[in-house]
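**Q** Provided herewith is a single structure, encoded as structure tokens, for subsequent inquiry.
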Amino acid sequence: MAETSFLSTKPGRRLAYHRTDGQGPCIVFLGGLKSDMQGTKAVFLEEWAQKEGRAFLRFDYSGHGESSGDFTDGCIGDWAEDTVEAVGALTEGAIVPVGSSMGGWQALLLARAMPERIAGMVTIAAAPDFTEDGYAADFTDDQWAQLEARGYVELPSDYMEPYVITKRMIEDGRQQLVLRSALELPFPVRFLQGTADTAVSVETAVRLLEHASGPDMQLKLVKDADHRFSDGPCLDLVVQALREVLGVRQ
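According to UniProt numbering, the sequence shown holds residues 1 to 250 in order.
Structure below.
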């Protein structure tokens with residue numbers, strides 16, 4: 001495997017990345033909360049892009065993987081800054097973001113930040129606005145008290161150690177919401193969602209589909225697929241979705 005490269009950003013962060021040169025648009029993988037660029041989907045898509053001769057970028061947000069910083073110091077806005085910096089410095093021309101879970105939210109924020117660069121988008125179990133609709137909406141009085149008293153709460157995860165959710169993440173998340181105002185996606189979009197996903201509901205996927213506007217937008221539900229969306233058939237569906245938004249024949 002190629003050696004990891006690093007990008008120093010304007011806010012002073014050091015982002016780890018792997019970039020593959022090739023024909024465009026460049027596919028940019030955006031990972032989920034507390035995941036990293038070594039995950040199954042990121043590596044699989046990189047290998048696919050290399051076989052196809054396509055440009056590809058995967059990177060770690062600050063506080064994730066090999067990048068600098070601590071996870072508990074970060075927030076949605078910080079990771080959106082990381083994404084814009086990585087795309088701006090490491091890609092040229094048109095891009096196709098592939099956003100997984102929180103990365104789906106990041107893909108939507110990227111579409112707002114640089115719409116002129118985006119040729120298409122694929123999301124996998126996209127989790128827009130989850131800090132507000134998934135966390136804050138369900139906090140108990142005791143959890144709100146913990147958030148105020150010590151600045152964070154710990155929430156269980158089905159996939160790893162508990163998530164540490166900070167007051168800053170909740171407050172910043174309210175500045176990054178995408179489902180409360182117009183969301184224009186004027187390019188081909190494919191939203192992929194498993195029906196057995198316990199982290200992101202089918203209702204969330206439908207809400208995103210109904211809220212966003214664009215000329216070529218589809219939601220594909222996959223029966224019994226979970227949040228990881230990483231087995232062989234699911235990975236094949238991601239490639240199929242990519243081919244569709246790229247306008248490549250099967």
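Just so you know, even glycine gets a beta-carbon here, dropped at the ideal spot from N, CA and C.
(1) Could I get the ranges of all uninterrupted beta strand (DSSP E) runs contained in the segment 186 to 213, with 3 residues as the minimum, in chain order?
(2) In the segment 147 to 184, which residue ranges form an unbroken alpha helix (DSSP H) of at least 4 residues, counting only runs that do not cross its ends?
(3) At what residue ranges does the segment 4 to 71 contain a whole run of the beta strand (DSSP E), taking only runs of 3 or more?
(4) Where His211 and Phe6 are concerned, what is the direct C-alpha to C-alpha distance, given to the nearest angstrom?
(5) Would you mind giving the Cβ-Cβ distance between Ala225 and Gly194, rounded to the nearest angstrom? I have them listed as a contact below 8 Å.
(6) So what does Val245 bridge to, in DSSP terms?
(7) Please go through the same chain and pick out, in chain order, the residues whose beta-carbon is closer than 7 Å to the beta-carbon of Asp21, but skip the five residues on each side of it.
(8) Going by other Cβ atoms of all chains shown within 10 Å of its Cβ, with 16 needed for buried, is Arg180 buried or exposed?
(9) Name the residue from Gln218, Thr83, Asp133, Val122 whose alpha carbon lies nearest to the alpha carbon of Lys41.
(10) Buried or exposed: where does Gln106 fall if 16 or more other Cβ atoms within 10 Å of its Cβ makes it buried?
(11) Under three-state DSSP, which class holds Thr131?
(12) Assuming Gly104 is part of the beta strand (DSSP E), what are its boundary residues?
(13) Tell me whether the beta-carbon of Gly120 lies closer than 8 Å to the beta-carbon of Gly31.
(14) Could you pull the DSSP bridge partners for Leu219 from this structure?
(15) Any idea if Arg13 is buried or exposed, counting beta-carbon neighbours within 10 angstroms, 16 or more meaning buried?
(16) Could you please give the first and the last residue of the uninterrupted alpha helix (DSSP H) stretch that includes Thr123?
(17) Ignore the nearest five residues each way along the sequence and tell me which others in Val87's own chain have a CB closer than 8 Å to its CB.
(18) Helix, strand or coil: how does DSSP classify Gly74 here?
(19) Roughly how far, in whole angstroms, is the beta-carbon of Val178 from the beta-carbon of Asp216, given that I think they are within contact range, below 8 Å?
(20) Mind checking Arg150: buried by the 16 CB within 10 Å criterion, or exposed?
(21) Consult DSSP for Gly232 and reduce its assignment to one of helix, strand or coil.
(22) Decide if Arg228 is buried, meaning its Cβ has at least 16 other Cβ atoms within 10 Å, or exposed.
(23) Is it buried or exposed for Glu46, if we count other Cβ within 10 angstroms and need 16 for buried?
(24) When you compare each of Gly134, Tyr152, Met169 to Ala80 by their alpha carbons, which one comes out closest?
(25) If you run the structure through DSSP and keep just helix, strand and coil, what is Gly99?
**A** In this structure, then:
(1) DSSP runs (the beta strand (DSSP E)) wholly in the segment 186 to 213: 189 to 194.
(2) Listed in chain order, they are 167 to 173.
(3) You should have 5 to 8, 14 to 20, 23 to 30, 54 to 59.
(4) As a first step, residue 211 must be located in the sequence shown, where it is residue number 211. As a first step, residue 6 must be located in the sequence shown, where it is residue number 6. Answer to the nearest angstrom: the Cα atoms are 37 Å apart.
(5) Taking the first residue of the sequence shown as position 1, residue 225 is located at position 225. Taking the first residue of the sequence shown as position 1, residue 194 is located at position 194. Indeed, because the Cβ distance is near 3 Å, the residues count as touching under 8 Å.
(6) Here residue 245 is taken as the residue at index 245 of the sequence shown, counted from 1. Partner(s): none; Val245 has no beta bridge.
(7) One-based indexing of the sequence shown puts residue 21 at position 21. Closer than 7 Å at Cβ, skipping near neighbours: Ala55.
(8) Numbered from 1 along the sequence shown, position 180 holds the residue referred to as residue 180. Exposed: under 16 other Cβ atoms inside 10 Å.
(9) The count along the sequence shown starts at 1 and reaches residue 41 at position 41. Considering only alpha carbons, the answer is Val122.
(10) Against the sequence shown, residue 106 aligns to sequence position 106. Classified as buried, Gln106 has 16 or more neighbouring CB atoms from the shown chains inside 10 Å of its CB.
(11) Against the sequence shown, residue 131 aligns to sequence position 131. Helix, per DSSP.
(12) As a position in the sequence shown, residue 104 is number 104, starting the count at 1. Boundaries for Gly104: no beta strand (DSSP E) harbours it, while the alpha helix (DSSP H) harbouring it runs 102 to 113, taken from the DSSP string.
(13) The residue you call residue 120 lines up with position 120 of the sequence shown. The residue you call residue 31 lines up with position 31 of the sequence shown. No Cβ-Cβ contact shorter than 8 Å links Gly120 with Gly31.
(14) Taking the first residue of the sequence shown as position 1, residue 219 is located at position 219. In the DSSP assignment, Leu219 is bridged to Phe191.
(15) Position 13 of the sequence shown, counted from the start, is the residue given in the question as residue 13. Of the residues assessed, Arg13 falls on the buried side of the cut-off, its CB having 16 or more other CB atoms within 10 angstroms.
(16) What you label residue 123 is simply residue 123 of the sequence shown in a count that begins at 1. For Thr123, there is no enclosing alpha helix (DSSP H); the enclosing beta strand (DSSP E) covers residues 121 to 124.
(17) The residue given as residue 87 occupies position 87 in the sequence shown. Result list for Val87: Val28, Leu57, Ile95, Leu110, Met114, Arg117, in chain order.
(18) On the sequence shown, position 74 is the one that residue 74 refers to. Three-state DSSP puts Gly74 in coil, outside helix and strand.
(19) In the sequence shown, the residue the question calls residue 178 occupies position 178. In the sequence shown, the residue the question calls residue 216 occupies position 216. In this structure Val178 does not touch Asp216 by the C-beta definition: roughly 19 Å separates them, more than the 8 Å allowed.
(20) In the sequence shown, residue 150 corresponds to position 150, counting from 1. Per the 10 Å Cβ criterion, exposed.
(21) Here residue 232 corresponds to residue number 232 of the sequence shown, with the count starting at 1. Helix, per DSSP.
(22) If you number the sequence shown from 1, residue 228 lands on position 228. Under this definition Arg228 is a buried residue.
(23) Within the sequence shown, residue 46 is the residue found at index 46, counting from 1. Glu46 is buried by the Cβ-count criterion.
(24) On the sequence shown, position 80 is the one that residue 80 refers to. Of Gly134, Tyr152, Met169, the smallest CA-CA separation from Ala80 is found for Met169.
(25) Walking along the sequence shown from the start, residue 99 turns up at place 99. In the structure shown, the three-state DSSP call for Gly99 is strand.
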